[in-house]
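Trainee:
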Amino acid sequence: MASMPCLQETPQFLADTKYANPTDVLHGPFQIVHKTDKPAYAWAMGQPKLMADFNLWMAEQHQGQRTWLDVFDFENHVRSSTADTIVFVDVGGGIGQQCALLKKTHPQVPGRVVLQDQPFVLPHAVPVDGVEKQTFDLWAEQPIKGARIYYMRNILEDYPDDKAIIILKNTMLSMAQDSLLIIDELIIPNRGASPRSTFQDMTMMITLASAERTERQWDALLDRAGLAVR
Ligand SMILES: C[S@@+](CC[C@H](N)C(=O)[O-])C[C@H]1O[C@@H](n2cnc3c(N)ncnc32)[C@H](O)[C@@H]1O
Numbered sequence: 320m321a322s323m324p325c326l327q328e329t330p331q332f333l334a335d336t337k338y339a340n341p342t343d344v345l346h347g348p349f350q351i352v353h354k355t356d357k358p359a360y361a362w363a364m365g366q367p368k369l370m371a372d373f374n375l376w377m378a379e380q381h382q383g384q385r386t387w388l389d390v391f392d393f394e395n396h397v398r399s400s401t402a403d404t405i406v407f408v409d410v411g412g413g414i415g416q417q418c419a420l421l422k423k424t425h426p427q428v429p430g431r432v433v434l435q436d437q438p439f440v441l442p443h444a445v446p447v448d449g450v451e452k453q454t455f456d457l458w459a460e461q462p463i464k465g466a467r468i469y470y471m472r473n474i475l476e477d478y479p480d481d482k483a484i485i486i487l488k489n490t491m492l493s494m495a496q497d498s499l500l501i502i503d504e505l506i507i508p509n510r511g512a513s514p515r516s517t518f519q520d521m522t523m524m525i526t527l528a529s530a531e532r533t534e535r536q537w538d539a540l541l542d543r544a545g546l547a548v549r
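By the count of the numbering used here, the sequence shown reaches residue 549 at its end, each step adding exactly one.
(1) Could you say which of Gln427, Gly412, Leu457 and Val432 lies nearest to Val440 if we only look at CA atoms?
(2) Is DSSP giving Thr401 helix, strand or coil here?
(3) According to the neighbour-count rule (16 or more other Cβ atoms, all chains shown, within 10 Å of its Cβ), is Arg467 buried or exposed?
(4) Taking 7 Å as the cut-off, does the CB of Asn489 come closer than this to any heavy atom belonging to ligand 1?
(5) Comparing alpha-carbon positions, which option in Ile486, Arg472 and Thr517 lies nearest Gln380?
(6) Check Ile463 in the structure and name its three-state DSSP category.
(7) For the putative contact between Ile474 and Ile486, defined by C-beta atoms under 8 Å, what is the C-beta separation to the nearest angstrom?
(8) Excluding five sequence neighbours on each side, which residues of the same chain lie with their C-beta closer than 7 Å to the C-beta of Pro341?
(9) From the DSSP secondary-structure annotation, give me the bridge partner or partners of Ile502.
(10) Grab me the residues of Gly449's own chain with a C-beta within less than 7 Å of its C-beta, minus the 5 sequence neighbours each way, in chain order.
(11) Quick one: grab the DSSP three-state call for Leu434.
(12) How many Å lie between Phe391 and Lys337 at the Cα?
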């Protein structure tokens, strides 16, 4: 997201901040380069063309890769669902690629599928029968209670730990005993990370004061939030 000029600014920024790990979403190379005091997402929201391109990139960048449905037994998890059960909530789901994939892969499973995102994103969602759209705010309590699955892809990577914890807790407030939160993100190995993932980590740092997380860092974050990993 408008990150290349930020890379050029980064050596000076890091020297000026004594090489501390950036954690302030309001103060980083992004703000200096784009002469803004807003977080990157808030800055980008005012630019519909940029956001449309970004949403498309988010949807397409995983094409050809295995998906969460290749490694998770969805039908078994929601086996007792009825037409009224909310089986899947895509939290910050962008243009709804995962809802579409779910409907295509498991068309016979009863239950409601909900795509949640910001009001200016949802009109761009791919049209799929049976997918409900709901505007929501990551910073408020999750409005859907007791869904069987809450799913987050490429959400927590956008935020430093303190903010990621708020998002997790907002979701946990609405989870029932049989709810599952599926977090679909990069896990960087504790040693031997690939160049692709370290570059993505850099991009997160310079635009969002965030980071891709190693396995150890994910465990620590989820532990802090009070979640058990399954
Ligand atoms: C990196 S994109 C991920 C989109 C999608 N999950 C995917 O993997 O393709 C982050 C998403 O979070 C949404 N988002 C950001 N801030 C939000 C907020 N405050 N409330 C609701 N959604 C938000 C964005 O609109 C965007 O669709």
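Ideal Cβ positions, reconstructed from N, Cα and C, are used throughout, including at glycine.
Mentor: Looking at the atomic coordinates:
(1) Residue numbering aside, residue 440 sits at position 121 when the sequence shown is read from its first letter. Among Gln427, Gly412, Leu457 and Val432, the Cα nearest to that of Val440 is on Gly412.
(2) Looking up residue 401 in the sequence shown gives position 82. In the structure shown, Thr401 sits in coil (DSSP, three-state: anything other than H, G, I, E or B).
(3) Along the sequence shown, one-based indexing puts residue 467 at 148. Answer is buried; the Cβ neighbour count reaches 16.
(4) As a position in the sequence shown, residue 489 is number 170, starting the count at 1. Checking the Cβ of Asn489 against ligand 1 gives no.
(5) Walking along the sequence shown from the start, residue 380 turns up at place 61. Measuring from the Cα of Gln380, the nearest candidate turns out to be Arg472.
(6) In the sequence shown, counting from the first residue as 1, residue 463 sits at position 144. The answer is coil: DSSP assigns Ile463 none of H, G, I, E or B.
(7) In the sequence shown, the residue the question calls residue 474 occupies position 155. In the sequence shown, the residue the question calls residue 486 occupies position 167. Correct: roughly 7 Å between the Cβ atoms.
(8) Here the question's residue 341 lines up with position 22 in the sequence shown. So the list reads Gly347, Met524 and Ala528, once near-sequence residues are dropped.
(9) Within the sequence shown, the letter at position 183 stands for residue 502. Partner(s): Met471.
(10) For this step, residue 449 is matched to residue 130 along the sequence shown. Here the set comprises Lys422 and Val432.
(11) Position 115 of the sequence shown, counting from 1, holds the residue named residue 434. Strand.
(12) Sequence index remark: in the sequence shown, residue 391 carries index 72 (1-based). Sequence index remark: in the sequence shown, residue 337 carries index 18 (1-based). Each residue's Cα considered, the two are about 44 Å apart.
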